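Residue numbers (our numbering), protein chains in the order written: chain A, 1 to 235; chain B, 236 to 470. These notes concern the structure reproduced below.
Number of protein chains: 2
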Amino acid sequence: MELTSTELSCGSCALSRICLPANLSARETRILAGAVERGRELQSGARLIRAGARMDALYVVRSGSAKSCGVMNDGEEYVRAFNLPGEVAGLEGFADGHHTCDLVALEPLRYCRIPLGRLERLMETLPGLRREVLRLLGQSLEEAQRMRTEVSMVDARGRLASFLVDLSRRLERRNLPPTHFRLSMSRRDIARHLGLTLETVSRSLGAFRSAGWVEVRARYIKLLQPKALAALLAH
Amino acid sequence: MELTSTELSCGSCALSRICLPANLSARETRILAGAVERGRELQSGARLIRAGARMDALYVVRSGSAKSCGVMNDGEEYVRAFNLPGEVAGLEGFADGHHTCDLVALEPLRYCRIPLGRLERLMETLPGLRREVLRLLGQSLEEAQRMRTEVSMVDARGRLASFLVDLSRRLERRNLPPTHFRLSMSRRDIARHLGLTLETVSRSLGAFRSAGWVEVRARYIKLLQPKALAALLAH
DNA sequence: CGTAAATTTGAAGTAATTCAAAATGCGTGG
DNA sequence: CCACGCATTTTGAATTACTTCAAATTTACG
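This is the structure we're talking about:
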């Protein structure tokens with residue numbers, strides 16, 4: 001039906017400026033849209049991707065949020081990334097065709113799915129898509145490497161500040177309030193992401209609160225002085 | 236001259252099983268080789284890539300070794316990776332067309348260079364090359380994410396053990412002695428790579444020596460009990 | 001409204017850092 | 001070849017940021 005197909009098309013999606021089609025021509029976007037499958041709504045805790053599974057598609061968060069996570073051999077969980085709407089997950093599967101971490105919904109989640117076979121065939125003919133996939137991979141790589149040096153060189157407060165400022169920026173890009181938001185992830189998830197314990201995350205947040213930089217009520221965060229947080233990053 | 240062109244061709248390069256052509260057909264390798272430029276020998280300390288520079292090519296170490304590094308805003312150096320022969324550097328530039336870290340020779344270094352324009356044109360027609368570049372990016376991403384969780388979850392000795400075991404594996408793949416090698420990087424470089432201080436690296440190596448797991452004489456390392464080191468990783 | 005989960009707060013312990021000095025290795029020129 | 005001097009590495013002692021363990025408090029949800 002006309003309406004449904006309009007809803008499905010990337011061209012009319014609110015995320016198109018952020019998502020994979022961001023830098024594609026209208027024509028390329030239309031063709032890509034033909035390969036995109038829309039997933040049904042998943043509930044919090046649902047697993048979109050499982051570590052070890054064959055990589056059969058790219059997944060894009062459409063609404064809600066997710067974490068890319070796994071467990072170390074000692075059973076400890078780690079969190080590689082949090083995924084907001086428009087962000088592509090599962091790219092690490094390009095390494096050997098298998099995923100190495102789970103993708104877990106943090107709240108009710110809708111997503112799009114681009115089967116790998118169709119993506120590869122489209123990349124053959126669409127140079128823009130080719131460039132975009134490379135850009136996406138490069139961006140994820142850059143981000144992972146930046147996070148790596150951050151975890152090893154910056155102290156707990158610096159890392160938490162960086163996390164909050166980065167999240168704020170990403171929300172802003174999505175036209176969501178950048179200074180007044182709800183964390184969809186637990187303190188434990190944040191800690192596992194930043195290489196800290198949940199107690200240290202809580203204490204650092206407490207320090208920001210005491211300094212008057214943020215307002216914290218459970219998972220609701222208000223950034224009162226984002227610049228003070230950003231200043232922590234400059235060291 | 237015939238000889239020179241033979242030397243230049245990827246097909247006859249000793250690294251072809253490890254390098255970019257690893258999974259390419261003979262035909263694709265031949266075509267790719269036509270786009271590869273051979274750099275002159277650089278001396279230790281020379282900078283192949285500069286952070287901030289426009290990404291104009293992919294660089295591959297042909298002999299010697301290099302580090303991918305940069306400086307934090309507080310002036311501290313960090314080391315994202317060490318690059319051995321056959322390893323491609325500068326992939327993070329795909330993010331926005333600019334490099335974000337330097338590539339510095341750790342010893343006399345020879346390299347190959349694949350201009351980006353030619354690479355992109357070749358990817359248009361060579362599906363194998365396309366897949367290989369994606370694989371390479373995926374692998375770098377996976378590696379960066381793995382390192383990130385390692386830095387945040389594993390203690391100093393575990394990280395150093397992981398570094399030595401990984402290096403050993405990479406040397407082995409290159410038909411170099413995996414248990415008896417010379418480190419081309421300083422303790423400081425290793426520390427900056429693992430998110431430690433050089434003193435901690437030295438002390439951890441000392442602990443391995445005391446345990447009879449390694450023999451250390453300056454930069455010469457002999458792995459006496461690689462399995463003991465590998466066991467540290469399993470936690 | 002009540003119970004389990006999540007978060008905060010507290011106190012003690014520890015691995016790694018920092019600062020400092022000694023020892024070793026390495027290249028250079030006598 | 002050996003001696004010199006500088007850079008790297010090792011070793012030592014004190015400090016500290018973060019963790020760990022434990023308990024109180026708040027929040028979420030049936």
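Glycine included, every Cβ here is placed at the ideal spot set by N, Cα and C. Treat the numbers as computed from the prediction; the structure is a model and nothing was measured.
Please determine if the region 102 to 112 of chain A and the region 39 to 47 of chain A are in contact, where contact requires at least 3 C-beta pairs separated by less than 8 Å.
-> In short, these stretches touch, since the Cβ pair count reaches three.
Would you give the residue range spanned by the alpha helix (DSSP H) that residue 127 of chain A belongs to?
-> Your numbering for residue 127 of chain A matches position 127 in the first sequence. Boundaries of the alpha helix (DSSP H) around residue 127 of chain A: 127 to 153.
Residue from A/72, A/98, A/16 with nearest C-alpha to residue 61 of chain A | Within the first sequence, numbered from 1, the residue matching residue 61 of chain A stands at position 61. Measuring C-alpha to C-alpha distances from residue 61 of chain A to each of A/72, A/98, A/16 identifies A/16 as the nearest.
Could you tell me whether the Cβ atoms of residue 420 of chain B and residue 361 of chain B are closer together than 8 Å?
-> In the second sequence, counting from the first residue as 1, residue 420 of chain B sits at position 185. In the second sequence, counting from the first residue as 1, residue 361 of chain B sits at position 126. Going by C-beta atoms, residue 420 of chain B is not nearer than 8 Å to residue 361 of chain B.
So, helix, strand or coil for residue 328 of chain B, using DSSP?
-> Taking the first residue of the second sequence as 1, we reach residue 328 of chain B at position 93. Correct three-state label for residue 328 of chain B: helix.
What does residue 407 of chain B pair with, by DSSP beta-bridge criteria?
-> Stepping through the second sequence from its first residue, residue 407 of chain B is reached at position 172. In the DSSP assignment, residue 407 of chain B forms no beta bridge with any residue.
Measure the CB-CB distance between residue 237 of chain A and residue 321 of chain B and report whether it falls below 8 Å.
-> Any answer about residue 237 of chain A is impossible in this case: the structure gives chain A only from 1 up to 235.
Counting Cβ pairs, one atom from each stretch, are 3 or more of them under 8 Å apart for the region 424 to 434 of chain B and the region 301 to 313 of chain B?
-> At 8 Å Cβ cutoff, the stretches touch.
May I ask you to verify whether the region 447 to 465 of chain B touches the region 396 to 406 of chain B, counting CB pairs closer than 8 Å and requiring at least 3?
-> Contact holds between the region 447 to 465 of chain B and the region 396 to 406 of chain B, because three or more Cβ pairs, one in each stretch, are under 8 Å apart.
Distance between beta carbons of residue 144 of chain A and residue 338 of chain B, contact taken as under 8 Å | Taking the second sequence and counting its residues from 1, one reaches residue 338 of chain B at position 103. Taking the first sequence and counting its residues from 1, one reaches residue 144 of chain A at position 144. Contact flag wrong, Cβ pair sits at about 18 Å.
In the DSSP assignment, find the unbroken beta strand (DSSP E) run with residue 223 of chain A in it and report its ends.
-> Position 223 of the first sequence, counted from the first residue, corresponds to residue 223 of chain A. Per DSSP, residue 223 of chain A belongs to the beta strand (DSSP E) from 220 to 223.
Can you tell which of B/443, B/426, B/357 has the C-alpha that lies nearest to the C-alpha of residue 436 of chain B?
-> If you number the second sequence from 1, residue 436 of chain B lands on position 201. That would be B/426, whose Cα lies nearest to the Cα of residue 436 of chain B.
Which chain B residues are close to residue 108 of chain A, counting only those with a beta carbon under 9 Å from its beta carbon?
-> For the purposes of this step, residue 108 of chain A is identified with residue 108 of the first sequence, where counting begins at 1. Residues of chain B whose Cβ lies closer than 9 Å to the Cβ of residue 108 of chain A do not exist, since the nearest Cβ in that chain is about 26 Å away.
Kindly indicate which three-state DSSP category residue 167 of chain A falls into: helix, strand or coil?
-> Position 167 of the first sequence holds residue 167 of chain A. In the three-state reduction of the DSSP assignment, residue 167 of chain A falls in the helix class.
If we ignore side chains and look at the alpha-carbon of each, how far apart do residue 233 of chain A and residue 280 of chain B end up?
-> As a first step, residue 233 of chain A is located in the first sequence; it is residue number 233 there, counting from the start. As a first step, residue 280 of chain B is located in the second sequence; it is residue number 45 there, counting from the start. In a straight line, the C-alpha of residue 233 of chain A is about 29 Å away from that of residue 280 of chain B.
Flag residue 94 of chain A as yes if its beta-carbon sits less than 8 Å from any beta-carbon of chain B, otherwise no.
-> One-based indexing of the first sequence puts residue 94 of chain A at position 94. Closer than 8 Å to some Cβ of chain B, the Cβ of residue 94 of chain A qualifies, so yes.
So, does the CB of residue 432 of chain B fall closer than 8 Å to a CB anywhere in chain A?
-> The sequence position of residue 432 of chain B within the second sequence is 197, counting from 1. Not an interface residue.
Quick one: which residues of the region 129 to 142 of chain A get their C-beta closer than 9 Å to a C-beta of chain B? List them in chain order.
-> So the list reads 130, 131, 133, 134, 135, 136, 137, 138, 139, 140, 141, 142, given in the order they occur along the chain.
Under 8 Å between C-beta atoms, does residue 388 of chain B make it to chain A?
-> Along the second sequence, one-based indexing puts residue 388 of chain B at 153. At least one chain A Cβ lies under 8 Å of residue 388 of chain B.
Any idea if residue 290 of chain B is buried or exposed, counting beta-carbon neighbours within 10 angstroms, 16 or more meaning buried?
-> Within the second sequence, numbered from 1, the residue matching residue 290 of chain B stands at position 55. Residue 290 of chain B should be labelled buried.
For residue 267 of chain B versus residue 371 of chain B, is the C-beta distance shorter than 8 Å?
-> Translated into the one-based positions of the second sequence, residue 267 of chain B becomes position 32. Translated into the one-based positions of the second sequence, residue 371 of chain B becomes position 136. The answer is no: Cβ separation not under 8 Å.
Taking Cβ positions only, does residue 116 of chain A come closer than 8 Å to chain B?
-> The residue given as residue 116 of chain A occupies position 116 in the first sequence. With 8 Å as the cut-off, residue 116 of chain A does not count as an interface residue toward chain B.
Mind checking which residues open and close the beta strand (DSSP E) that includes residue 236 of chain A?
-> Outside the shown range of chain A, which is 1 to 235, sits residue 236 of chain A, and nothing can be said about it.
Measure the C-alpha to C-alpha separation of residue 5 of chain A and residue 35 of chain A and round it to an integer number of angstroms.
-> Locating residue 5 of chain A in the first sequence gives position 5, where the first residue counts as 1. Locating residue 35 of chain A in the first sequence gives position 35, where the first residue counts as 1. Per-residue confidence for residue 5 of chain A stands at a pLDDT of 40, beneath the threshold of 50, marking its modelled position as unreliable; no derived number is given.
Whose C-alpha, out of A/157, A/92, A/97, A/30, is nearest the C-alpha of residue 210 of chain A?
-> Residue 210 of chain A sits at position 210 when you count from the first residue of the first sequence. Nearest option by C-alpha distance: A/157.
Consult DSSP for residue 266 of chain B and reduce its assignment to one of helix, strand or coil.
-> The residue given as residue 266 of chain B occupies position 31 in the second sequence. Helix, per DSSP.
Take residue 204 of chain A and list the residues in its own chain whose beta-carbon comes closer than 7 Å to its own, dropping the five residues that flank it on each side.
-> One-based indexing of the first sequence puts residue 204 of chain A at position 204. Take residue 204 of chain A, set aside five residues on each side of it, and the residues of its chain with a beta-carbon closer than 7 Å to its own are 156, 157, 160, in chain order.
Please find out if some non-hydrogen atom of the ligand NAP comes closer than 7 Å to the beta-carbon of residue 405 of chain B.
-> As for the ligand NAP, it is missing from this structure, which has no ligand bound.
Determine whether the Cβ of residue 187 of chain A lies closer than 8 Å to any Cβ atom of chain B.
-> On the first sequence, position 187 is the one that residue 187 of chain A refers to. Contact with chain B is absent for residue 187 of chain A, since none of that chain's Cβ atoms lies less than 8 Å from the residue's Cβ.
Chain-ordered residues of the region 380 to 407 of chain B with a beta carbon less than 7 Å from chain A = Residues of the region 380 to 407 of chain B with a C-beta less than 7 Å from any C-beta of chain A: 380, 382, 383, 384, 386, 387, 388, listed in chain order.
Would a C-beta distance cut-off of 8 Å place residue 128 of chain A and residue 99 of chain A closer than the cut-off?
-> Counted from its first residue, the first sequence places residue 128 of chain A at position 128. Counted from its first residue, the first sequence places residue 99 of chain A at position 99. No, the pair does not count as a contact, with Cβ atoms beyond the cut-off.
Based on the DSSP output, what are the partners of residue 63 of chain A in its beta bridges?
-> Looking up residue 63 of chain A in the first sequence gives position 63. DSSP lists A/110 as partners of residue 63 of chain A.
Using 8 Å as the limit for Cβ to Cβ distance, is residue 59 of chain A near chain B?
-> One-based indexing of the first sequence puts residue 59 of chain A at position 59. Contact with chain B is absent for residue 59 of chain A, since none of that chain's Cβ atoms lies less than 8 Å from the residue's Cβ.
Rounded to a whole number of angstroms, what is the C-alpha to C-alpha distance between residue 352 of chain B and residue 450 of chain B?
-> By one-based count along the second sequence, residue 352 of chain B stands at place 117. By one-based count along the second sequence, residue 450 of chain B stands at place 215. Taking the straight line from one Cα to the other gives about 47 Å.
Can you tell which of B/328, B/408, B/404 has the C-alpha that lies nearest to the C-alpha of residue 465 of chain B?
-> If you number the second sequence from 1, residue 465 of chain B lands on position 230. Nearest C-alpha to residue 465 of chain B among B/328, B/408, B/404: B/404.
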